[in-house]
Amino acid sequence: MNLNQHISFNGNPIKTIIKPMQEVVVILISSLLMAAGLNLFLIPHQLLSGGLTGVASIIGYITGWNISIVYFLLNLPLIFWGWKAIGRRYIVLSCISVVSNTLFMAIIPVIRVTKDPILAAVFGGIISAVGIGYSLRVGGSTGGFDILGSIVTRKRDVPMGNILFILNGAVILALGFFRSWDLALYSMLSTFVKGKVVDMIHVGHIKVTCFIITKRKDEMLCQLRKLHHGITCIHTEGGYSEQENYTLMTVTTRYELAAVRKTVAQTDPNAFMNVVQSTEILGRFSKPKI
Numbered sequence: 281m282n283l284n285q286h287i288s289f290n291g292n293p294i295k296t297i298i299k300p301m302q303e304v305v306v307i308l309i310s311s312l313l314m315a316a317g318l319n320l321f322l323i324p325h326q327l328l329s330g331g332l333t334g335v336a337s338i339i340g341y342i343t344g345w346n347i348s349i350v351y352f353l354l355n356l357p358l359i360f361w362g363w364k365a366i367g368r369r370y371i372v373l374s375c376i377s378v379v380s381n382t383l384f385m386a387i388i389p390v391i392r393v394t395k396d397p398i399l400a401a402v403f404g405g406i407i408s409a410v411g412i413g414y415s416l417r418v419g420g421s422t423g424g425f426d427i428l429g430s431i432v433t434r435k436r437d438v439p440m441g442n443i444l445f446i447l448n449g450a451v452i453l454a455l456g457f458f459r460s461w462d463l464a465l466y467s468m469l470s471t472f473v474k475g476k477v478v479d480m481i482h483v484g485h486i487k488v489t490c491f492i493i494t495k496r497k498d499e500m501l502c503q504l505r506k507l508h509h510g511i512t513c514i515h516t517e518g519g520y521s522e523q524e525n526y527t528l529m530t531v532t533t534r535y536e537l538a539a540v541r542k543t544v545a546q547t548d549p550n551a552f553m554n555v556v557q558s559t560e561i562l563g564r565f566s567k568p569k570i
């Protein structure tokens, strides 16, 4: 047996090993971004990122305790809950994220990069959101309210950013009562920015409808069925050419749209595809495993 045969034997073990490694690398980079957003922008101005990180920050601001350790301890009960409610793989990745985030927060010094609290709120929110968004895309989280948000989005089709904004808003109100309403409003700005950026990256909840006009109906159907979404086939005719065509309609997610586009282009280079965003879906819809 040569090397190529050995690699492809038994379900491609190389791919089985590389994919989890890539996910862990993404989680580590996401944790680094999250810690950098906190220690370089938010914490120096005593702002909050929301979630359990925000709760840990409030406790740290009031008591002087180490915020990274408080953050780690607060995540433990949510991790145990998520293990039962969501699944082992998600929680394992979340554990890696929480531990690495705790370490990065302890390693990265708390430095005031900018003196302007508005700039600190905006850029701290953006940097943290990039970390959260890509962590969610590989199937993990940064712990805390992300676990709660993931539980909700798996049961109800609502944007993750909206859930985080609502949950984080309650924490930020607490900052207004305990510290300063100016700091609370700056933190609210940071949370709003973070929610929007998370929704730009974590697009699994956004549905789109694809209308594909092709003459190669059978070949196109065969390839599109591999994407595991329903397909409606309509017999149509060109308005000018009066030639026979077929229109295939399928609803997918923004996350999977690139795969649909690639499939259509490879199957029929002459096909025409129109993509529109779907505002509401009623009925059965298979969610992607992301």
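Counting in my numbering, the sequence shown runs from 281 upward without gaps.
Each residue gets a CB set at the ideal place from its N, CA and C atoms; glycine is no exception.
Since the model is a prediction, treat every value here as computed from it, not as a measurement.
Pairing CB atoms from the stretch 452-469 with CB atoms from the stretch 321-335, are three or more of them under 8 Å?
-> Yes, since at least three Cβ pairs between the stretch 452-469 and the stretch 321-335 fall closer than 8 Å, the two stretches touch.
Hey, could you find the ends of the alpha helix (DSSP H) leucine 332 is sitting in?
-> That run of the alpha helix (DSSP H) goes 331-343.
Since methionine 553 sits in a beta bridge, which residues does DSSP pair it with?
-> Partner(s): Ile492.
Between the CA atoms of glutamate 560 and aspartate 396 - distance to the nearest angstrom = Taking C-alpha positions only, aspartate 396 is separated from glutamate 560 by approximately 41 Å.
Is the shortest distance between the beta-carbon of arginine 541 and the beta-carbons of chain C less than 8 Å?
-> Considering every chain present, this structure includes no chain C. It has just one protein chain.
Compute the distance between the beta-carbons of threonine 532 and methionine 500, then report whether it is under 8 Å.
-> Note that the C-beta distance between threonine 532 and methionine 500 is not below 8 Å.
In angstroms, rounded to a whole number, what distance separates the CA positions of glycine 449 and glycine 405?
-> About 14 Å.
Express the C-alpha separation of glutamate 522 and tyrosine 414 in angstroms, rounding to a whole number.
-> Looking at the two C-alpha atoms, the distance is approximately 47 Å.
What are the start and end residues of the beta strand (DSSP E) that includes isoleucine 511?
-> Boundaries of the beta strand (DSSP E) around isoleucine 511: 511-517.
If we ignore side chains and look at the alpha-carbon of each, how far apart do alanine 400 and isoleucine 412 end up?
-> In this structure, the CA atom of alanine 400 is about 18 Å from the CA atom of isoleucine 412.
Comparing alpha-carbon positions, which option in Ile309, Pro549, Ile407 lies nearest valine 379?
-> The closest CA to that of valine 379, considering only Ile309, Pro549, Ile407, is found on Ile309.
Proximity to methionine 314 [Cα-Cα], best of Trp363, Thr516, Leu356, Thr382 | Here the closest residue by C-alpha is Thr382.
Contacting residues, own chain, Cβ-Cβ under 8 Å from asparagine 346 (five flanking each side not counted) | If the five residues before and after asparagine 346 are omitted, its C-beta is found closer than 8 Å to the C-beta atoms of Gly340, Ala386, all from its own chain and listed in chain order.
Spatial neighbours of valine 393 within its chain, please: CB distance less than 7 Å, with the 5 preceding and 5 following residues excluded, ordered by chain position.
-> Hits under 7 Å: Leu320, Phe321.
Just curious, the alpha helix (DSSP H) that threonine 559 is in, first and last residue?
-> Run containing threonine 559: none; DSSP gives neither H nor E here.
Distance, Cα to Cα, asparagine 554 vs valine 410?
-> If I take the Cα positions, the gap works out to 30 Å.
Leaving aside the five residues before and after isoleucine 323 along the sequence, list all residues of the same chain whose C-beta is less than 6 Å from its C-beta, in chain order.
-> When the five nearest sequence neighbours on each side are left out, the beta carbons in the same chain lying within less than 6 Å of the beta carbon of isoleucine 323 are those of Val390, in order along the chain.
Under 7 Å Cβ to Cβ from alanine 539, same chain only, skipping five residues before and after it: list those, please.
-> Cβ neighbours of alanine 539 within its own chain (closer than 7 Å, five residues either side excluded): Leu507.
For serine 377 versus serine 329, is the C-beta spacing smaller than 8 Å?
-> No; because the gap between Cβ atoms is not below 8 Å, this pair is not in contact.
Between Gln503, Phe472, Arg459, Val477, which lies nearest to glutamine 326 when the distance is taken from Cα to Cα?
-> For glutamine 326, the closest alpha carbon among the candidates Gln503, Phe472, Arg459, Val477 is that of Arg459.
Beta bridge counterpart(s) of asparagine 525 as assigned by DSSP = Residue pairing for asparagine 525: DSSP places it in a beta bridge opposite Thr516.
Go ahead and label cysteine 502 buried or exposed: buried means 16 or more other beta carbons lie within 10 angstroms of its beta carbon, across all protein chains shown.
-> Burial call: exposed.
Cβ neighbours of glutamate 517 in the same chain (closer than 8 Å, five flanking residues each side left out) = The answer, listed in chain order, is Gln523, Glu524, Asn525.
Assign histidine 373 to one of two classes, buried (16 or more other C-beta atoms within 10 Å of its C-beta) or exposed (fewer than that).
-> Residue identity differs from the one stated: residue 373 is leucine in this sequence, not histidine. So leucine 373 ends up on the buried side.
Grouping DSSP H, G and I as helix and E and B as strand, with all else coil, what is valine 506?
-> Here residue 506 turns out to be lysine, not valine, going by the sequence shown. Helix at lysine 506.
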